[in-house]
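Enquirer: Quick one: the structure is below, and I'll ask about it shortly.
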Amino acid sequence: MKFFVSIIVTAILAFSMGYVLPWWSIAVTGFISGVFFIQSKLLSFLSAFIAVALFWGIMALYISNANNHILAHRISLLIIKKDNPYLLILLTSLIGGLTTGVSALTGRSLVLIIKKV
Amino acid sequence: MKYLLFILFLLLNTTILFVLGSRTVLPLPLGKFLSVQEGVWQNAEPANIDFNANLKLEGIQGNADVYFDERLVPHIFAEQENDAYFIQGFIHAKFRLWQMEFQTHAAAGRISEIVGDKAINFDKTQRRIGMVFAAENALAEMEKDPVSKSAIDAYTAGINSYIDRLNSSQLPIEYKLLGYEPEHWTNLKTALFTKQMTNNLAGYDRDFEFTNALKVLGEENFKILYSDLPDSLYPVIPKGTVYAAQNEPLTPPATADSLYYNRKDTIHLAEEFKPNPSNGSNNWVLAGSKTKSGKPILCNDPHLGLTLPSIWFEMQIHTPEYNSYGVSFPGIPGVVIGFNDSVAFGFTNAGRDVKDYYQIQFKDDSKKEYWFSNQWKKSNQRIELIKVKNQTTVQDTVAYTIFGPVLYDKSFKTELTKDQAYALRWVAHDSSNILKMWLLLNRAKNYNDYLEAIGYFNVPGQNMIFASKSGDIALWQQANFPLRWKDQGLFVMPGTDSSYMWKGYIPQDQNPHSVNPAEGYLSSANQRPTDSTYPYFIPGSYEVYRAITINRKLQGMFNATVEDMMSLQNNNYNVFAEEARPILLQYIDRTQLTAKELDYLNSVASWNLSNDALEKAPVCFNAWWDSLEVNVYHDELNMGSIPVIKPERFILLEAIEKDTSFKFIDDINTPELESLSMQVTSAWKKASTHLKTLEQDDKITWGKYKNTTVYHLLKTNAMAFARTGLMNGGGVGIVNATQHDHGPSWRMIVELTTPTHAFGVYPGGQSGNPGSFYYDNFIDTWTAGKYYPLWVMNVNDFSDKRVKWKIHFSNN
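Protein chains in written order, with the numbering used here: chain A, 152 to 268; chain B, 25 to 836.
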């Protein structure tokens, strides 16, 4: 249960912070998520990863769909040399997830140190 | 362990943020770039985008509305004229900001700031031809005139009003790709835009190549190979027109024989970034006597490099003073090619030479003094600081002489010696307010208004075509064209002697022109403006063949309709091939050809002379002619590292039409005497080898061979933003002048009925955003040779179903 709650809360937090802050706010989100949700490091990473991978992935998919994938066709060709919108959406999702997940690990491991002391 | 783990994760975390947030490891900061809230996804415009808005902007004086139709063409309705320019600036920026800034950065020689050191030579060239100097001179003149000043001020304010509202997520894609941000627009940038256009249209010259050719070939041969008077010339102003004699014809300086015609050296100089000599256009106008409606029809298609975003942006401007429609340049206020409720106007390039070089003798490497009229004269030094992305700023000192800036010297071109420095005398450096011409044309009501307007225009020389609803048609070749003694400016001139300087300009009333001619039509297609009876010496880079097709068609045309005009603008007939093919077929020795070579030959022989996309023959014919020219000229004109230039196509064609033993046909490197037949046959055999390769690569049809491409402004760096493989006919010397990446950048037909009946299309789209449906949505229509009706909205049309969106502008 805590796992799912942490996913949802992290996703909402990432979305809200991204409204006003640059892209790296997902790292701050991940860090906060790692600090506040007491769970194993693996679950901490996974929940943050899934939260923003889903948030970025779904939002990219939504935007791209509404755009008839015009932009994603061009950008995927430009940066991954393959005309495949879904690959670009996947890449977006992974980058968001990874950044947030690792930040959660950093936050979680900091908490573990502080608690010990 | 826990400490170690924390440190490990922290390190990993910082690494990820660093890699994804900077350009140090990856070429793009992928995290920032792909962020759904900040990055490129924000540029993915929804297909059902809503552009409706109600904007309260400081700088707007009255009320104004912009109605966008289904092609995203804005129709500006403003209560005050300056508000119209403010809004035009705002809308240009909204849809084309990156291009406007990039093009004016290019004009100012500031590309290294964006792309790094690979552009340093380009930037230096721009600075050294005096682009900023020219723009400053122009701006001073524009700002002296209160009307044009307030128009530019409003335009600039509109652009900046848009820029100030932008946040980083809304930046155009190219800023996100290249990693920089827009700066504020200035009036100087508008002036820079006009100078970039001037450089494209009046910046091409062959002075160094001609100087070398003269030295190597001698005067007699030079005159044969580089004449600009073809027998088949169809001048803009019809042959037989009587010109008043020149008041006081100029004579060459006494020293011309020794210092000008017989210079001692050739000039080894690798020139870069020359404008494309194909920058040209077609325009014509039919008087009511030749049209079905009884009203004039005016047509124009400017031939420029085809780019995305397009150089053009279509719009209507409606103010209490006037109502104009047409295409504008994102970067300057007003409609540039178009029409209003009373008149229509269009342009083609004059191609006249308005740019000469003078050889400067500096006292020493400091370039502070140069020898002129028997004394050392001080130069003005302009220090150019070229900022380079991620590197230290490059400094370049440009010396300004009495002629103009020294473009080439040994501090820029290492192949030059101390005594070789070349200053530029270029009409583009003169001050003038060319913007005023468009501000006046937009409101012109009749021929006299047009005449007053074009008087403000000094460069680049244009054939300005005009028609009015009252029935007048006119064409003036307008600009300041230097008065020259015969041959002046063909070659590099001595810069030590004041007698070689320009002696003023041809009086404007003697510029070639025609008003309401008996023929009932006027046209221009970058050909020489007049025949040899025009009393002035007018060198230039002229086209020959498009004009022939256009004149033939228009002469025989009566009851002409808009559809006839569409068909003429898309005409693929090849007049050059019509003249050249019979000779080639007559002189080829078929007995020497293989079966395959005969097969290709048959496709040329049976060709209908139309450069259609699916034809094989245009590829075969071009290959044949090109290799014949190589056979004929390679011996005389092969000068190793010394730059020369190939003679125009008509030279060889008209020579062999008259004399099959034209002296350049023989290969001077062989003991035997080559005949025309030998050269034609050998050229065909060489061409056939090339054709076989093309056939294997499936590139032997004209459309596939030519591969018409509309590149993004970043060229091959952004092929994903380009449109390639357009199956388009036409070509050089064809009315449909579509080459690989160059051609009709806007096709317009205006029938001056009431209401105006107008059509147009350009190969692009109104939005500069590659993430928008409106980025390239006109291209297929353009490729198919089709048009859109141009909808001149009026005040009763606000609720017309063609209106898709509306933006209301007000002060509060």
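Positions of the beta carbon are idealized from the N, C-alpha and C atoms, including for glycine.
Bear in mind the structure is a predicted one, so any value in this text is a computation, not a measurement.
Mind checking whether B/Ala-131 and B/Gln-150 have CB atoms under 9 angstroms apart?
Expert: yes
Enquirer: Determine whether the Cβ of A/Val-156 lies closer than 9 angstroms to any Cβ atom of chain B.
Expert: no
Enquirer: Tell whether a beta-carbon distance below 9 angstroms holds between B/Ile-153 and B/Pro-667.
Expert: no
Enquirer: Within a Cβ cutoff of 8 angstroms, which residues of the same chain sit near B/Gln-419, ignoring the five residues on either side of it in sequence?
Expert: Ile-407, Glu-408, Leu-409, Ile-410
Enquirer: With C-beta atoms as the reference, is A/Ile-158 less than 9 angstroms away from A/Leu-205?
Expert: yes
Enquirer: Just the chain B side, please: which residues come within less than 7 angstroms of A/Val-253 by C-beta, in chain order?
Expert: In chain order: Phe-33, Leu-36, Asn-37, Ile-40.
Enquirer: Can you find a C-beta in chain A that's less than 9 angstroms from the C-beta of B/Trp-65?
Expert: yes
Enquirer: By how many angstroms is the C-alpha of B/Phe-75 removed from the C-alpha of B/Glu-639?
Expert: 44 angstroms
Enquirer: Among B/Asn-646, B/Thr-762, B/Ser-435, B/Ser-172, whose alpha-carbon lies nearest the alpha-carbon of B/Ile-724?
Expert: B/Asn-646
Enquirer: Per DSSP, what kind of secondary structure is B/Asp-93 in: helix, strand or coil?
Expert: DSSP, read as helix, strand or coil, puts B/Asp-93 in strand.
Enquirer: Alpha carbon to alpha carbon, how far is A/Arg-225 from B/Gly-795?
Expert: 8 angstroms
Enquirer: Does DSSP classify B/Met-488 as helix, strand or coil?
Expert: strand
Enquirer: Any beta carbon of chain B sitting closer than 9 angstroms to that of A/Gly-248?
Expert: no
Enquirer: Since B/Leu-44 meets chain A, which of its residues come closer than 9 angstroms, beta carbon to beta carbon?
Expert: Trp-174, Trp-175, Ile-246, Leu-249, Thr-250
Enquirer: Would you say A/Thr-243 faces chain B, with C-beta separation under 9 angstroms as the test?
Expert: yes
Enquirer: What are the boundary residues of the beta strand (DSSP E) that includes B/Ala-447?
Expert: 445-450
Enquirer: In chain B, which residues lie less than 7 angstroms from A/Trp-256 when you measure between Cβ atoms?
Expert: Note that residue 256 of chain A corresponds to Leu in the displayed sequence, not to Trp. Simply Phe-33.
Enquirer: Determine the closest residue to B/Ala-278 out of B/Ser-523, B/Gly-749, B/Leu-608, B/Val-586, with distance taken between C-alpha atoms.
Expert: B/Ser-523
Enquirer: Cα separation between B/Asp-721 and B/Gln-616?
Expert: 26 angstroms
Enquirer: In whole angstroms, what separates the C-alpha of B/Trp-65 from that of B/Ile-197?
Expert: Distance between the alpha carbons of B/Trp-65 and B/Ile-197: 9 angstroms.
Enquirer: Comparing alpha-carbon positions, which option in B/Ala-808, B/Asp-188, B/Ile-478, B/Glu-105 lies nearest B/Gly-370?
Expert: Closest option to B/Gly-370, Cα to Cα, is B/Ile-478.
Enquirer: By the 10 Å Cβ neighbour count, where 16 or more other Cβ atoms means buried, how is B/Asn-598 classified, buried or exposed?
Expert: buried
Enquirer: Quick one: complete alpha helix (DSSP H) runs, 4+ long, within the region 760-825 of chain B?
Expert: 803-807
Enquirer: Using 9 angstroms as the limit for Cβ to Cβ distance, is B/Ala-68 near chain A?
Expert: yes
Enquirer: Determine the burial state of B/His-832: buried for a count of at least 16 other Cβ atoms within 10 Å of its Cβ, exposed for fewer.
Expert: exposed
Enquirer: Consult DSSP for B/Leu-546 and reduce its assignment to one of helix, strand or coil.
Expert: Under the three-state reduction of DSSP output, B/Leu-546 falls in the strand class.
Enquirer: According to DSSP, is B/Arg-47 helix, strand or coil?
Expert: coil
Enquirer: CB A/Phe-196 to CB A/Val-160, shorter than 9 angstroms?
Expert: In this structure, A/Phe-196 lies away from A/Val-160, with their beta-carbon atoms at least 9 angstroms apart.
Enquirer: B/Thr-441 to B/Ile-384, Cα distance in whole Å?
Expert: 12 angstroms
Enquirer: Against chain B, with Cβ distances strictly below 9 angstroms, would A/Gly-169 count as a contact?
Expert: yes
Enquirer: Just to confirm, does A/Ile-240 get its C-beta within under 8 angstroms of one of the non-hydrogen atoms of the ligand NAD?
Expert: No copy of the ligand NAD occurs in the structure displayed, which carries no ligand at all.
Enquirer: Any idea if B/Leu-163 is buried or exposed, counting beta-carbon neighbours within 10 angstroms, 16 or more meaning buried?
Expert: buried
Enquirer: Give me the Cα-Cα distance between B/Trp-829 and B/Phe-92, rounded to the nearest whole angstrom.
Expert: 5 angstroms
Enquirer: Tell me the rounded alpha-carbon separation between B/Tyr-624 and B/Gln-763.
Expert: 23 angstroms
Enquirer: At which residue ranges does the region 176-252 of chain B contain complete alpha helix (DSSP H) runs of 4 or more residues, listed in the order of the chain?
Expert: Every alpha helix (DSSP H) stretch that sits fully inside the region 176-252 of chain B and reaches 4 residues is listed by chain position as 197-202, 211-226, 231-241, 243-249.
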